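Structure, as structure tokens:
Residue numbers (the numbering used here): 1325 to 1616.
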């Protein structure tokens, strides 16, 4: 008499492993999620007006002012939290604009670079131009933008987006060059789709991954550049709370023992940039997981 062996799956043996894997995937994004939450609720959690003198100058951290006060008597804790909102909003604007423009330009250039006539000449010329602008330091562009348009959030965001955009153009264009000759693209053309339909429906979804993965890097770079402009005195005008401005104005206090005026905004800046770096790893793992 023959015996039949039947393998019975044990759900309890697999579920914890999947749950642990998902937890490990999303855990590095926790610092960034906390920063986003602070950005949303900043105006309601600060104990004092971040742009108003509320106490004597250079008070050391205590129960009322946990981060102390600066040289003008403004609460450092309130200003650090409020600066989170300003710096992150600017970084989000820069990242969104740079990625959106980079995807569109990279798609157009990649599809037309090998074409003949005016289209090919335009594609190759724009490719060389984006390579040239990629060599310009973002900090210099920010200084020039402030000199031309003034130190506003919009002007700084637009200037930084335009100078960081070539990275996204180059990444998208490289992917477009790989996929534009694939069989599914040729099939879409033979099906009678217009060129723009082929690009939007078939080429772009399969070419956007590198730019999306790089968007968190642009986020971190934009935070560093905006803080650097504030540190140099060409960013947002005081008393607007901004990490670079706070670090710059607190340097003189450090020499007199007021270490807190510089330490806390500097730590906030480090946490923001580090969280963006951790988010890069999360996005990379998600986009390269099976099924994506």
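For every residue, glycine included, the Cβ atom is placed at its ideal position computed from N, Cα and C. Computed from a predicted structure; not experimentally measured.
Task: Assigned exposure category for residue 1586 - 16 Cβ within 10 Å defines buried - done: Position 262 of the chain shown holds residue 1586. So residue 1586 counts as buried.
- From this set, 1544, 1357, 1553, which residue's C-alpha is nearest residue 1422's C-alpha? Position 98 of the chain shown, counted from the first residue, corresponds to residue 1422. Taking only the C-alpha atoms, the option nearest residue 1422 is 1544.
Would you kindly work out how many angstroms separate the C-alpha atoms of residue 1396 and residue 1413, rounded to a whole number?
For the purposes of this step, residue 1396 is identified with residue 72 of the chain shown, where counting begins at 1. For the purposes of this step, residue 1413 is identified with residue 89 of the chain shown, where counting begins at 1. Cα to Cα, residue 1396 sits roughly 26 Å from residue 1413.
### Task
Give me the Cα-Cα distance between residue 1391 and residue 1584, rounded to the nearest whole angstrom.
Taking the chain shown and counting its residues from 1, one reaches residue 1391 at position 67. Taking the chain shown and counting its residues from 1, one reaches residue 1584 at position 260. When rounded, the distance between both Cα atoms is 6 Å.
Residues near residue 1565 in its chain [Cβ-Cβ closer than 6 Å; skip 5 each side] | Position 241 of the chain shown, counted from the start, is the residue given in the question as residue 1565. Contacts found: 1374, 1403, 1406, 1407.
Item to complete: Answer with buried or exposed for residue 1596, where buried requires no fewer than 16 other C-beta atoms within 10 angstroms of its C-beta.
Response: Mapped onto the chain shown, residue 1596 falls at position 272. Buried, because 16 or more other Cβ atoms sit within 10 Å of the Cβ of residue 1596.
Requested in this report: Taking 8 Å as the cut-off, decide whether the C-beta atoms of residue 1458 and residue 1411 are in contact.
Outcome: Here residue 1458 refers to the residue found at position 134 when the chain shown is read from its first residue. Here residue 1411 refers to the residue found at position 87 when the chain shown is read from its first residue. Their beta carbons are not under 8 Å apart, which means residue 1458 does not touch residue 1411 by this criterion.
- In this structure, what does DSSP give as the bridge partners for residue 1399? One-based indexing of the chain shown puts residue 1399 at position 75. DSSP links residue 1399 through a beta bridge to 1393.
Go through the segment 1477-1556 residue by residue and report every complete run of the alpha helix (DSSP H) that reaches 4 residues or more, in order.
1477-1503, 1507-1514, 1519-1522, 1533-1556
Could you give the residue range of the alpha helix (DSSP H) that holds residue 1583? Numbered from 1 along the chain shown, position 259 holds the residue referred to as residue 1583. According to the DSSP assignment, residue 1583 belongs to no alpha helix (DSSP H), since it is labelled neither H nor E.
- Should the segment 1499-1510 be regarded as contacting the segment 1378-1393, the criterion being three or more beta carbon pairs within less than 8 Å? no
Q: Assign residue 1399 to buried or exposed, taking buried as 16 or more other Cβ atoms, counted over all protein chains shown, within 10 Å of its Cβ.
A: For the purposes of this step, residue 1399 is identified with residue 75 of the chain shown, where counting begins at 1. Classification of residue 1399: buried, given that the 10 Å Cβ count is 16 or more.
- prompt: Alpha carbon to alpha carbon, what distance is there between residue 1393 and residue 1484?
  reply: Within the chain shown, residue 1484 is the residue found at index 160, counting from 1. Within the chain shown, residue 1393 is the residue found at index 69, counting from 1. Spanning the two alpha carbons is a distance of roughly 32 Å.
Residue 1588, DSSP secondary structure in three states: Position 264 of the chain shown, counting from 1, holds the residue named residue 1588. Residue 1588: helix per DSSP, three-state reduction.
Contact between the segment 1488-1504 and the segment 1429-1439 is defined here as three or more beta-carbon pairs at a separation below 8 Å; is this criterion met? yes
Let's test the definition: count the other Cβ atoms within 10 Å of the Cβ of residue 1462 and tell me whether it reaches 16, buried, or not, exposed. One-based indexing of the chain shown puts residue 1462 at position 138. By the neighbour-count rule (16 or more Cβ atoms within 10 Å), residue 1462 is buried.
- Limits of the unbroken alpha helix (DSSP H) element including residue 1559: Locating residue 1559 in the chain shown gives position 235, where the first residue counts as 1. Run containing residue 1559: none; DSSP gives neither H nor E here.
- Item | Residue closest to residue 1552, alpha-carbon to alpha-carbon, out of 1534, 1593, 1533, 1520 | Translated into the one-based positions of the chain shown, residue 1552 becomes position 228. Taking the Cα of residue 1552 as reference, the smallest distance to any Cα among 1534, 1593, 1533, 1520 is reached at 1593.
Tell me which residue opens and which closes the alpha helix (DSSP H) that residue 1464 is part of. Locating residue 1464 in the chain shown gives position 140, where the first residue counts as 1. Looking at the DSSP string, the run of the alpha helix (DSSP H) that includes residue 1464 is 1462-1473.
| said: Let's see if you can read the secondary structure: which residues bound the alpha helix (DSSP H) around residue 1351? | reply: The count along the chain shown starts at 1 and reaches residue 1351 at position 27. No alpha helix (DSSP H) contains residue 1351, which DSSP labels as neither H nor E.
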